[in-house]
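Notes to accompany the following structure.
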Amino acid sequence: MPRTAKAPLDADEERVTHAHRLLVQLGAALVCQPFDPRTHDRLRRFLADDADDVLTSLEALRQRPEAELRRRISALAGHTLLPVGGSA
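FYI, in the numbering used here the residues of the sequence shown are 8 to 95.
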């Protein structure tokens, strides 16, 4: 998947993004083939090995102040967000 972001993701952003993509894939796999043992093994491995770190990263991202989040979004998107109530 090509990267379009102007700035690299930090460790927390990378961890949460990777987990999100994996869980969407696993969810789709469970819908298509609900009894596939490989899918269940991948999900169990994620829950056993990675879920705690992902939840810690997600909480760290949620704790960022709004101004920091706006700066980060601007850096990743390559443009500046208008303030709330601003005109387009």
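Using N, Cα and C, we set each Cβ at its ideal position, and we do this for glycine too.
Among the options, which has the Cα closest to the Cα of residue i?
i	options	result
residue 48	84, 34, 61, 60	34
residue 27	43, 40, 64	64
residue 21	78, 52, 57	57
residue 30	72, 50, 71	50
Classify residue i as buried or exposed, calling it buried when 16 or more other Cβ atoms lie within 10 Å of its own Cβ.
i	result
residue 38	exposed
residue 61	buried
Checking 8 angstroms against the spacing of the C-beta atoms, do residue i and residue j come in under that value?
i	j	result
residue 19	residue 84	no
residue 24	residue 36	no
residue 74	residue 14	no
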